[in-house]
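S.K.: One structure follows; several queries about it will come next.
Residue numbers (the working numbering), protein chains in the order written: chain Y, 2 to 335; chain C, 2 to 335.
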């Protein structure tokens, strides 16, 4: 396949447009004008987020196929919308492409992106293509909608709230370590394969965020892009509170437990510090616990675990059989 | 000043947040949560665009100060909103920063951005910061609002429409060539200084786009990011029409005329092919010409010139004393 630079921007935009299905009626103008135009959903507020992936910072092309890179660039944004309780409505894709990137890679990346965009409702409505004299960079802006009173914020937790988390933790961090160690994909067991899949193809908890937002049972929510430790630090800080997590309750992914244990690392510490699981954490007042758990039961077999609580004394702690130790700092992309 | 990588992402976000003033009431959640939340303007549709600048593709740090780079990254997006007739409401800023970028440069870039964001109404409500193992990259998403029936599209022109353009052309292209030639800024005359300023600090025609949109006098609009030739090609193509521009009417910037003439280049060809002027082109039915010109008189001393018309025969032509020659292709960033 020819390198994309032989095509030029207009031909590439046309190539991209052909890979995108017809938009829903709420998209008044999609790809091709100076800007995209959306009809806002009645009675909702507009939720906007942007996040990106940079080659050799967030992914390595030698390890990960373009389709997975494209989908992940959108998924990390969908996770931010989920943490607000917002339903995805549209997205914009900005690509800076190295000269050697070829058309097959471009098509694969776009297909991975568009496939998730169509499944999630985050219709691709616009974007930008440019060359990169350095790494491949993918910047995505996602747009969502939510009724104002169903919005989930991160700064509205209170002392006494319990902390809940979706899914299992540490899988993405273990998957990344496996790739770094040069693991042979064909030989891994199911638990390790789940870690690789979580790192490369994270799934945003859109349905759960929306359902919990609608239930109005959570006092705050945040996604775990930078890991659980970082997330609970932030929820606690903006509540002027501290947080204590119960080590025995942390749902560590099976493959992450095996990976960490095999290397003499405490699996719980590994799981709480590891980033990129893209699960959600919620703060919930104990008197709303029943309503919250009732709502989460409708989140399609998604495990939800109570792992700790906000306390009056500042600081962030992990409690193991009553012994407290400081929570590690979050995962650092920078 | 220390390089930004010694600070980490959280500290940088905090540094950025301190440089942004309090947002207007329509911004329900600004910087600091998982996503930004806006209250949509009643009776409007939502206009979204994304565009970016990549070091050594769109700018060179040796030539241009960080404040100008930050402002230009937003301005190119405001130009897209202007071409839709939309009023800027919010923006998101995504930065991929090289390791050697230092805090003073970061502050300057952010200040340049924020200053224009506040002047234009495109309040900075969110973004993303990451490292770049290569060039500095700045991706911006701008959000605007416009009443649905005042929206300007690019694909709604008709054969017989006249083409108008704002401002003067070729200045940005001449400014770029001057910088490439290693011109000494201190020695240039006013006309050349205007070219440098247009290249480095383009001004989006926001007020003009909004006023023309409100007048409902234009049948189509587009901005000149890739030059006039490219813009009129696109307007004509999506109308299934051709276009003839009148060479004598093209408003060539004085500095561009001098630059091109001095190098044996036809100034009109230079001006119509050159990109990055960020002026607007409009297609206007002759029976709405009066209304259109009446509206543009309210665009704060902005020159608006009739330069050609859409014709039934496909193709794009420049007419010089009745002799037709093909319009050059547009400016290519890719």
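C-beta: ideal position from N, C-alpha, C; glycine also. Computed from a predicted structure; not experimentally measured.
Hey, does residue 203(C) have any beta-carbon neighbour from chain Y nearer than 8 angstroms?
M.R.: Locating residue 203(C) in the second chain gives position 202, counting from the first residue. No, residue 203(C) lies away from the interface with chain Y (no Cβ there is under 8 angstroms from its Cβ).
S.K.: Could you compute how far the alpha carbon of residue 64(Y) sits from the alpha carbon of residue 186(Y)?
M.R.: Start at 1 with the first residue of the first chain, and residue 64(Y) comes out as number 63. Start at 1 with the first residue of the first chain, and residue 186(Y) comes out as number 185. So the alpha carbons of these two residues sit roughly 10 angstroms apart.
S.K.: Could you please give the first and the last residue of the uninterrupted alpha helix (DSSP H) stretch that includes residue 181(C)?
M.R.: Locating residue 181(C) in the second chain gives position 180, where the first residue counts as 1. Here the alpha helix (DSSP H) through residue 181(C) covers 172-181.
S.K.: Hey, is residue 74(C)'s beta-carbon within less than 8 angstroms of any beta-carbon in chain Y?
M.R.: Start at 1 with the first residue of the second chain, and residue 74(C) comes out as number 73. Closer than 8 angstroms: no.
S.K.: Assign residue 251(C) to one of three DSSP states: helix, strand, or coil.
M.R.: In the second chain, counting from the first residue as 1, residue 251(C) sits at position 250. Coil, per DSSP.
S.K.: Alpha carbon to alpha carbon, what distance is there between residue 223(Y) and residue 11(C)?
M.R.: Stepping through the second chain from its first residue, residue 11(C) is reached at position 10. Stepping through the first chain from its first residue, residue 223(Y) is reached at position 222. Near 15 angstroms, if we compare the C-alpha coordinates of residue 223(Y) and residue 11(C).
S.K.: Assess contact between the stretch 40-53 of chain Y and the stretch 124-139 of chain C, defined as three or more Cβ pairs (one per stretch) separated by less than 8 angstroms. Is contact present?
M.R.: At 8 angstroms Cβ cutoff, the stretches touch.
S.K.: Pick helix, strand or coil for residue 165(Y), following the three-state DSSP scheme.
M.R.: Residue 165(Y) sits at position 164 when you count from the first residue of the first chain. Residue 165(Y) falls in the strand class under three-state DSSP.
S.K.: Do we get a CB-CB distance below 8 angstroms when we pair residue 334(Y) with the residues of chain C?
M.R.: For the purposes of this step, residue 334(Y) is taken as residue 333 along the first chain, with counting starting at 1. No answer about residue 334(Y) holds up, because its pLDDT of 49 lies below 50 and its placement is not dependable.
S.K.: Identify, in the order they occur along the chain, each residue of the same chain with its Cβ nearer than 7 angstroms to the Cβ of residue 18(Y), setting aside the five sequence neighbours on each side.
M.R.: Taking the first residue of the first chain as 1, we reach residue 18(Y) at position 17. For residue 18(Y), where only same-chain residues beyond five positions count, the Cβ hits under 7 angstroms are 32, 33.
S.K.: For residue 53(C), would you say it is in contact with chain Y, using Cβ-to-Cβ distances shorter than 8 angstroms as the test?
M.R.: If you number the second chain from 1, residue 53(C) lands on position 52. Yes, contact with chain Y.
S.K.: Roughly how many angstroms separate the alpha carbons of residue 225(C) and residue 178(Y), rounded to a whole number?
M.R.: For the purposes of this step, residue 225(C) is taken as residue 224 along the second chain, with counting starting at 1. For the purposes of this step, residue 178(Y) is taken as residue 177 along the first chain, with counting starting at 1. The alpha-carbon atoms of residue 225(C) and residue 178(Y) are separated by roughly 47 angstroms.
S.K.: My guess is that residue 44(C) and residue 152(C) are in contact by the Cβ rule of under 8 angstroms, so how many angstroms apart are they, rounded?
M.R.: Within the second chain, residue 44(C) is the residue found at index 43, counting from 1. Within the second chain, residue 152(C) is the residue found at index 151, counting from 1. 12 angstroms between Cβ atoms; not a contact.
S.K.: At what residues does the alpha helix (DSSP H) containing residue 281(Y) begin and finish?
M.R.: Here residue 281(Y) refers to the residue found at position 280 of the first chain. Taken as a continuous stretch (DSSP letters only), residue 281(Y) belongs to no alpha helix (DSSP H), being part of the beta strand (DSSP E) at 281-285.
S.K.: Taking the straight line between their C-alpha atoms, what separation do you get for residue 280(Y) and residue 308(C)?
M.R.: Here residue 280(Y) refers to the residue found at position 279 when the first chain is read from its first residue. Here residue 308(C) refers to the residue found at position 307 when the second chain is read from its first residue. Going by the C-alpha atoms only, they are around 56 angstroms apart.
S.K.: For residue 92(C), I'd like the list of residues in its chain whose CB is within less than 8 angstroms of its CB, leaving aside the five on either flank, ordered along the chain.
M.R.: On the second chain, position 91 is the one that residue 92(C) refers to. Hits under 8 angstroms: 75, 78, 118, 123, 124, 125, 126, 141, 142, 143, 144.
S.K.: Whose CA, out of 38(Y), 183(Y), 107(Y), lies closest to the CA of residue 66(Y)?
M.R.: Translated into positions along the first chain, residue 66(Y) becomes position 65. Residue 66(Y) has its Cα closest to that of 107(Y), out of 38(Y), 183(Y), 107(Y).
S.K.: Rounded to the nearest angstrom, how far is the Cβ of residue 88(Y) from that of residue 146(Y), given a contact under 8 angstroms?
M.R.: Position 87 of the first chain, counted from the start, is the residue given in the question as residue 88(Y). Position 145 of the first chain, counted from the start, is the residue given in the question as residue 146(Y). So it is a contact: roughly 6 angstroms between Cβ atoms.
S.K.: State the beta-bridge partners of residue 129(Y) as determined by DSSP.
M.R.: Along the first chain, one-based indexing puts residue 129(Y) at 128. Note: residue 129(Y) sits in a beta bridge opposite 95(Y).
S.K.: If we define contact as Cβ-Cβ less than 8 angstroms, is residue 97(C) a contact residue for chain Y?
M.R.: On the second chain, position 96 is the one that residue 97(C) refers to. With 8 angstroms as the cut-off, residue 97(C) counts as an interface residue toward chain Y.
S.K.: Counting only the same chain and skipping the five closest in sequence on each side, list residues whose C-beta sits under 8 angstroms from that of residue 22(Y).
M.R.: Within the first chain, numbered from 1, the residue matching residue 22(Y) stands at position 21. Cβ within range, chain order: 115, 119.
S.K.: In the stretch 25-44 of chain C, which residues sit with their C-beta less than 7 angstroms from some C-beta in chain Y, listed in chain order?
M.R.: Listed by position, the residues of the stretch 25-44 of chain C near chain Y (Cβ gap below 7 angstroms) are 29, 30, 34, 35, 36, 37, 38, 39, 40, 41.
S.K.: Which same chain residues, not among the five before or five after residue 259(C), have their C-beta less than 7 angstroms away from its C-beta?
M.R.: Your numbering for residue 259(C) matches position 258 in the second chain. Closer than 7 angstroms at the Cβ level, and outside the excluded window around residue 259(C), lie 192.
S.K.: Could you tell me which of 244(Y), 130(Y), 71(Y) sits nearest to residue 13(Y), measuring between CA atoms?
M.R.: The residue you call residue 13(Y) lines up with position 12 of the first chain. Of the candidates 244(Y), 130(Y), 71(Y), the one whose C-alpha sits nearest the C-alpha of residue 13(Y) is 130(Y).
S.K.: For residue 102(C), which three-state DSSP category applies?
M.R.: For the purposes of this step, residue 102(C) is taken as the residue at position 101 of the second chain. In this structure, residue 102(C) counts as coil in the three-state DSSP scheme.
S.K.: Grab me the residues of residue 3(C)'s own chain with a C-beta within less than 7 angstroms of its C-beta, minus the 5 sequence neighbours each way, in chain order.
M.R.: As a first step, residue 3(C) is located in the second chain; it is residue number 2 there, counting from the start. Excluding positions up to five away in sequence, the list reads 103, 104.
S.K.: Taking buried to mean at least 16 other C-beta atoms within 10 Å of its own C-beta, is residue 170(Y) buried or exposed?
M.R.: As a working mapping, residue 170(Y) is identified with position 169 in the first chain. With 16 or more Cβ atoms within 10 Å of its Cβ, residue 170(Y) is classed as buried.
S.K.: Using a Cβ cut-off of 8 angstroms (strictly closer), state whether residue 138(Y) contacts chain C.
M.R.: Counting from one through the first chain, the residue named residue 138(Y) turns up at place 137. Yes, residue 138(Y) lies at the interface with chain C (some Cβ there is under 8 angstroms from its Cβ).
S.K.: Return the CA-CA distance between residue 302(C) and residue 296(C), expressed in angstroms with no decimal places.
M.R.: By one-based count along the second chain, residue 302(C) stands at place 301. By one-based count along the second chain, residue 296(C) stands at place 295. Taking the straight line from one Cα to the other gives about 12 angstroms.
S.K.: How many Å lie between residue 327(Y) and residue 84(C) at the Cα?
M.R.: If you number the first chain from 1, residue 327(Y) lands on position 326. If you number the second chain from 1, residue 84(C) lands on position 83. Approximately 54 angstroms between the Cα atoms of the pair.
S.K.: For residue 218(Y), I'd like the list of residues in its chain whose CB is within less than 7 angstroms of its CB, leaving aside the five on either flank, ordered along the chain.
M.R.: In the first chain, counting from the first residue as 1, residue 218(Y) sits at position 217. If we look at residue 218(Y) and ignore the five residues flanking it on each side, its Cβ neighbours are 285, 289, 292, 293, 296.
S.K.: State buried or exposed for residue 172(C), treating a residue as buried only when at least 16 other CB atoms are found within 10 Å of its CB.
M.R.: Numbered from its first residue, the second chain carries residue 172(C) at position 171. Classification for residue 172(C): buried.
S.K.: Would residue 1(C) count as contacting chain Y if we go by Cβ distances under 8 angstroms?
M.R.: The question about residue 1(C) has no answer here: the residues shown for chain C are numbered 2 through 335.
S.K.: Can you tell me the Cα-Cα spacing of residue 318(Y) and residue 213(C), whole angstroms?
M.R.: Along the first chain, one-based indexing puts residue 318(Y) at 317. Along the second chain, one-based indexing puts residue 213(C) at 212. Using only the alpha carbons, I get a separation of about 59 angstroms.
S.K.: Answer with buried or exposed for residue 199(C), where buried requires no fewer than 16 other C-beta atoms within 10 angstroms of its C-beta.
M.R.: For this step, residue 199(C) is matched to residue 198 along the second chain. By the neighbour-count rule (16 or more Cβ atoms within 10 Å), residue 199(C) is buried.
S.K.: Nearest-angstrom Cα distance between residue 61(Y) and residue 204(Y)?
M.R.: Here residue 61(Y) refers to the residue found at position 60 of the first chain. Here residue 204(Y) refers to the residue found at position 203 of the first chain. Rounded to the nearest angstrom, the two C-alpha atoms are 19 angstroms apart.
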